[in-house]
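Q: In this text, residue positions in the sequence shown follow the working numbering: the first is -7, and each later residue adds one.
Even for Gly, the Cβ is constructed at its ideal location relative to N, Cα and C.
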Amino acid sequence: MDLSILYRGPLASCNYDCAYCPFAKRRDSPATLTADREALERFTDWVTRNPDDDRISVLFTPWGEGLTRSWYRRALAELSHLPHVGRVAIQTNLSARFAWMADANLDRLALWATYHPSQISRGRFLARCATLHSWGVRFSVGIVGLPAHHDDARWLREALPEGVYLWVNAAEGHVYTPAEERGWAAIDPLFSYSARPHLSAGRPCRTGDTVLSVRGDGSVRRCHFVDEPLGNLYDGSYRQALRPRACPVATCDCHIGYVHLETLPLYDVFAGGVLERIPHGF
-7 MDLSILYRGP LASCNYDCAY CPFAKRRDSP ATLTADREAL ERFTDWVTRN
43 PDDDRISVLF TPWGEGLTRS WYRRALAELS HLPHVGRVAI QTNLSARFAW
93 MADANLDRLA LWATYHPSQI SRGRFLARCA TLHSWGVRFS VGIVGLPAHH
143 DDARWLREAL PEGVYLWVNA AEGHVYTPAE ERGWAAIDPL FSYSARPHLS
193 AGRPCRTGDT VLSVRGDGSV RRCHFVDEPL GNLYDGSYRQ ALRPRACPVA
243 TCDCHIGYVH LETLPLYDVF AGGVLERIPH GF
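#1: Could you tell me the distance, in whole angstroms, from the CA atom of Cys6 to the CA atom of Trp104?
#2: Can you tell which of Phe90, Arg116, Leu3 has the C-alpha that lies nearest to the C-alpha of Ala31?
#3: Let me know the secondary structure DSSP gives Tyr107 once reduced to three states.
#4: Is the region 122 to 141 close to the region 78 to 94, with three or more CB pairs under 8 Å?
#5: Looking at the secondary structure, which residues open and close the alpha helix (DSSP H) in which Glu173 lies?
#6: Taking 9 Å as the cut-off, decide whether the C-beta atoms of Pro189 and Thr243 are in contact.
#7: For a test of the three-state rule: what should DSSP assign to Ala242, helix, strand or coil?
#8: Confirm the yes/no value for this check: CB of Cys10, any heavy atom of the ligand FMN, distance under 8 Å.
#9: Give me the Cα-Cα distance between Pro153 and Arg146, rounded to the nearest whole angstrom.
#10: Can you say whether Val241 is buried or exposed, counting buried as having 16 or more other CB atoms within 10 angstroms of its CB?
#11: If I follow the unbroken beta strand (DSSP E) through Ala67, where does it start and stop?
#12: List the residues that DSSP assigns as beta-bridge partners of Ile82.
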């Protein structure tokens, strides 16, 4: 089967201190970093062995910044060369060096990048995007839709190559007026999907069937936002729980969740780029 996995290990440290993020400038203990590395290496080994002969795609969604850690760079490079891996991607702030990509298969690698205006200059961030674009790396770029970020977002849309998708995430807790929503939609035509939570209770969702959330200990859940375990990746117990199912929560307001709702057209909108958040045609 085709299986998409969102992996999140113990890592929760980040080199940025964004005011809107609870993990800003957080430092993991040496023990946590060791546990995260060992967990990721175990997961990478499982994907490599592919015990169920699936076609697998992976999105790493660390709470912190993964690419500043050598084990994430190594995992991305290694997995990108596996013939049964369709895509391997990671959410990142692009602060880490790019040299490791020389060892990766760029046909399968992708980056979900976020621009944080208070943490990096416009010129430096754009230069990093230009490098990725010149190398042929698949990537999307996004920004949090705070009022203070609007000018930065407009600049970024104008500065990025036309073929690079710029997404805008609704700021947590912010209610957008119709005029504000139109302003952000002029930058990201798909902003309306992020602007408000989606009713999800009882509605069909691909999570728990062809999309899974995996934690560092191998425990499997249908997604990051439903805590009920389906089993464990490493003993295969999750397998018998896979089936089409409805969402058990009232609403879904995060892209990595609602993109999988079957009541939304987003698998068509993002065809070929669901995990890395790249719409079809970009």
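A: Well, looking at it:
#1: The straight-line gap from Cα to Cα measures roughly 16 Å.
#2: Nearest in C-alpha terms to Ala31, of all of Phe90, Arg116, Leu3, is Leu3.
#3: It is coil, neither helix nor strand.
#4: Taking a cut-off of 8 Å on C-beta distances, the region 122 to 141 touches the region 78 to 94, as three or more cross pairs fall below it.
#5: First-last of the alpha helix (DSSP H) with Glu173: 170 to 177.
#6: In this structure, Pro189 sits near Thr243, with a CB-CB distance shorter than 9 Å.
#7: Under the three-state reduction of DSSP, Ala242 is assigned to coil, being neither helix nor strand.
#8: By its list of ligands, the structure shown contains no ligand whatsoever, and the ligand FMN lies outside what it can speak to.
#9: Taken atom to atom, the span from the alpha-carbon of Pro153 to that of Arg146 is near 13 Å.
#10: Exposed is the label assigned to Val241, since fewer than 16 other Cβ atoms lie within 10 Å of its Cβ.
#11: In the DSSP assignment, Ala67 falls outside any beta strand (DSSP E) and within the unbroken alpha helix (DSSP H) covering 62 to 72.
#12: Per DSSP, the beta bridge partners of Ile82 are Phe52, Leu103.
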